[in-house]
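Residue numbers (the numbering used here): 1103 to 1230.
Put into structure tokens, the structure is as follows:
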């Protein structure tokens, strides 16, 4: 597996993502009001945000450390990050949750991960 090449600071990226969620960044965009916004993918957290060409492979993203090892080969690995205490991944929430539920789960997960990083705990991905 390719190791992440994303040289951004994980803590700062997660804080920025939490701020993005809190400020309504996933509201309906004027250019595509018919399409729901996708967590992580449609925010500046994504290495390929607003990039149509020369997209970096997801395997290089710093979010890969939160993706379970058995899901890292998926087309969009960040959709498999377990966000809830029950281990519900984003993909599961997309299938049965409202936008508000998804954003609340994401905000809670982000707060937990930020606290963990600030306390000096290692994150690492959950095992398969």
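Just so you know, even glycine gets a beta-carbon here, dropped at the ideal spot from N, CA and C.
| field | In DSSP terms, what residue 1184 is bridged to | value | The residue given as residue 1184 occupies position 82 in the chain shown. DSSP lists 1191 as partners of residue 1184.
| query | With 16 other CB atoms within 10 Å as the buried threshold, where does residue 1157 fall? | reply | Within the chain shown, numbered from 1, the residue matching residue 1157 stands at position 55. Per the 10 Å Cβ criterion, exposed.
| When we look at the beta-carbon of residue 1180 and count the other beta-carbons within 10 Å, is it buried (16 or more) or exposed? | The count along the chain shown starts at 1 and reaches residue 1180 at position 78. Counting Cβ neighbours within 10 Å, residue 1180 comes out buried, since at least 16 surround it.
| Contact the stretch 1205-1224 vs the stretch 1108-1127: 3+ CB pairs below 8 Å | yes
| Which first and last residues belong to the alpha helix (DSSP H) in which residue 1169 is found? | Position 67 of the chain shown, counted from the first residue, corresponds to residue 1169. Taken as a continuous stretch (DSSP letters only), residue 1169 belongs to no alpha helix (DSSP H), as it is neither H nor E.
| said: Please state whether the Cβ-Cβ distance between residue 1139 and residue 1131 is less than 8 Å. | reply: Against the chain shown, residue 1139 aligns to sequence position 37. Against the chain shown, residue 1131 aligns to sequence position 29. Contact flag set, yes.
| message | Using only the alpha-carbon positions, how far apart do residue 1211 and residue 1194 sit? | response | Taking the first residue of the chain shown as 1, we reach residue 1211 at position 109. Taking the first residue of the chain shown as 1, we reach residue 1194 at position 92. Using only the alpha carbons, I get a separation of about 15 Å.
| query | residue 1163 by DSSP, collapsed to three states: which one? | reply | Taking the chain shown and counting its residues from 1, one reaches residue 1163 at position 61. Correct three-state label for residue 1163: coil.
| query | Among residues of its own chain, excluding the 5 on either side of residue 1160, which ones have a beta-carbon nearer than 6 Å to its beta-carbon? | reply | Taking the chain shown and counting its residues from 1, the one referred to as residue 1160 is at position 58. Around residue 1160: 1179.
| field | Distance, residue 1172 Cα to residue 1129 Cα | value | Position 27 of the chain shown, counting from 1, holds the residue named residue 1129. Position 70 of the chain shown, counting from 1, holds the residue named residue 1172. Each residue's alpha carbon lies about 31 Å from the other.
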